[in-house]
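Participant: Residue 150 in the working numbering sits at position 101 of the sequence shown; the count goes up by one each step and never skips.
One structure is given below, represented as structure tokens, and several questions about it will come after.
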Amino acid sequence: MLERAEPTESLIYELPSILERIELLKLFPQRQPVEVELGAGDGSFLVNYARLNPEQNFIGVERLWGRLKKIHRKGRRLGLANLRGVRIESTYFLEYLLPSESAKAVHIYFPDPWPKRKHVRHRMVNERFPGLARQALEPGGVAYLRTDDQNYFEQMLSVFGASKDFRGVETPASLKSVVTDFEAEFNAQGIPTRYAAYQRV
């Protein structure tokens with residue numbers, strides 16, 4: 050049964066420290082499996098997915114305050130007690146703040162592709178990323194990825210394909226059906242979504 054958030058409760062979790070890992074029991078009223086979206090934007094995916102999956106807890110990581118406030122407002126309107134937003138840079142959150150092996154899934158949808166060659170090093174999903182995902186995910190946990198950018202997609206496949214800690218799996222249809230605002234816009238323009246999913250072995 051989904052608990053409804055109290056009307057005065059903020060869904061934005063204020064980090065007590067950026068040097069210590071968070072205590073998940075302090076974020077949520079119920080102990081449930083945890084999924085994380087990195088670069089959650091204004092919550093167009095995360096809020097809907099949390100609403101459809103009350104038996105799981107969801108953390109949206111977003112560095113822009115205005116977007117986090119939108120997640121808060123949407124989640125409060127729906128009374129979602131299984132949703133929290135955290136304001137921090139995504140890879141820092143994985144590496145230093147999320148407890149090791151605590152996530153059932155990590156979602157990375159339409160991250161900035163940094164299309165210019167000189168900017169490629171800024172991409173979130175790079176050679177280091179599978180190691181961070183392995184640290185964050187419980188055994189059997191899955192990293193789900195989406196992008197509209199073919200070059201970035203090939204990089205995603207390359208870095209995860211080179212990792213002995215992951216194997217490729219299918220993205221469930223039920224997950225594909227929950228789209229982001231970016232995704233809806235791209236699809237309306239005839240730009241397809243490219244999906245990848247990797248399970249920690």
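Ideal Cβ placement from N, Cα and C applies to all residues, glycine included.
Here the structure is a predicted model, which is why all the values come from computation and not from measurement.
Count the other CB atoms within 10 Å of the CB of D91; is the residue buried (16 or more) or exposed (fewer)?
Facilitator: Buried.
Participant: Is R216 near the ligand NAD - that is, is its Cβ less than 7 Å away from at least one heavy atom of it?
Facilitator: This structure simply doesn't include the ligand NAD, nor any ligand for that matter.
Participant: Any idea which residues DSSP pairs Q248 with across the strands?
Facilitator: The partner list for Q248 (beta bridge, DSSP) reads V191, R216.
Participant: Give the straight-line distance between the Cα atoms of D161 and D197, rounded to the nearest whole angstrom.
Facilitator: In a straight line, the C-alpha of D161 is about 10 Å away from that of D197.
Participant: In the DSSP assignment, find the unbroken beta strand (DSSP E) run with I108 in it and report its ends.
Facilitator: I108 -> beta strand (DSSP E) spans 106-110.
Participant: Count the CB pairs spanning the region 160-180 and the region 104-117 that are closer than 8 Å, and state whether there are at least three.
Facilitator: Touching, no, given that fewer than three Cβ pairs across the two stretches are closer than 8 Å.
Participant: For F231, which residues from the same chain have a beta carbon less than 7 Å from its beta carbon, with the 5 sequence-adjacent residues on both sides left out?
Facilitator: Cβ neighbours of F231 beyond the five flanking positions: F159.
Participant: Please state whether the Cβ-Cβ distance between L76 and I120 is less than 8 Å.
Facilitator: No, Cβ-Cβ distance for L76 and I120 is not below 8 Å.
Participant: Should R70 and L146 be called a contact, given that it needs their Cβ atoms to be closer than 8 Å?
Facilitator: Yes, the Cβ-Cβ distance between R70 and L146 is below 8 Å.
Participant: Kindly list the residues whose CB is nearer than 6 Å to the CB of F202, restricted to its own chain and excluding five residues on each side of it in sequence; keep chain order.
Facilitator: Once the five neighbours on either side are set aside, the close Cβ partners of F202 are T196, R243.
Participant: Checking the sheet assignment: what are the DSSP bridge partners for L87?
Facilitator: Paired residues: V110, I157.
Participant: Give the straight-line distance between the Cα atoms of M173 and N200, rounded to the nearest whole angstrom.
Facilitator: Taking the straight line from one Cα to the other gives about 14 Å.
Participant: What is the DSSP secondary structure of V96, reduced to helix, strand or coil?
Facilitator: In this structure, V96 counts as helix in the three-state DSSP scheme.
Participant: State yes or no: is the C-beta of A192 within less than 8 Å of the C-beta of Y247?
Facilitator: Taking 8 Å as the Cβ cut-off, A192 and Y247 qualify as a contacting pair.
Participant: Answer with buried or exposed for L181, where buried requires no fewer than 16 other C-beta atoms within 10 angstroms of its C-beta.
Facilitator: So L181 ends up on the buried side.
Participant: Compare the Cα-Cα distances from L64 to each of R100, L206, E84, E111 and report the closest residue.
Facilitator: Nearest of R100, L206, E84, E111 to L64, Cα basis: E111.
Participant: One question on the structure: do L117 and V96 come within less than 8 Å of each other, judged by their Cβ atoms?
Facilitator: No.
Participant: DSSP on G128, reduced to helix/strand/coil?
Facilitator: G128: coil per DSSP, three-state reduction.
Participant: What separation, rounded to the nearest whole angstrom, lies between the Cα atoms of P56 and G115?
Facilitator: Any reading at P56 needs caution, since the residue's pLDDT is 44, under 50, leaving its predicted position unreliable; the model's value is listed next. Each residue's alpha carbon lies about 20 Å from the other.
Participant: In three-state terms, what does DSSP make of R80?
Facilitator: Looking at R80 - three-state DSSP - the assignment turns out to be coil, as it is neither helix nor strand.
Participant: Do you know offhand how far P164's Cα is from S149's?
Facilitator: C-alpha separation (whole angstroms): 32 Å.
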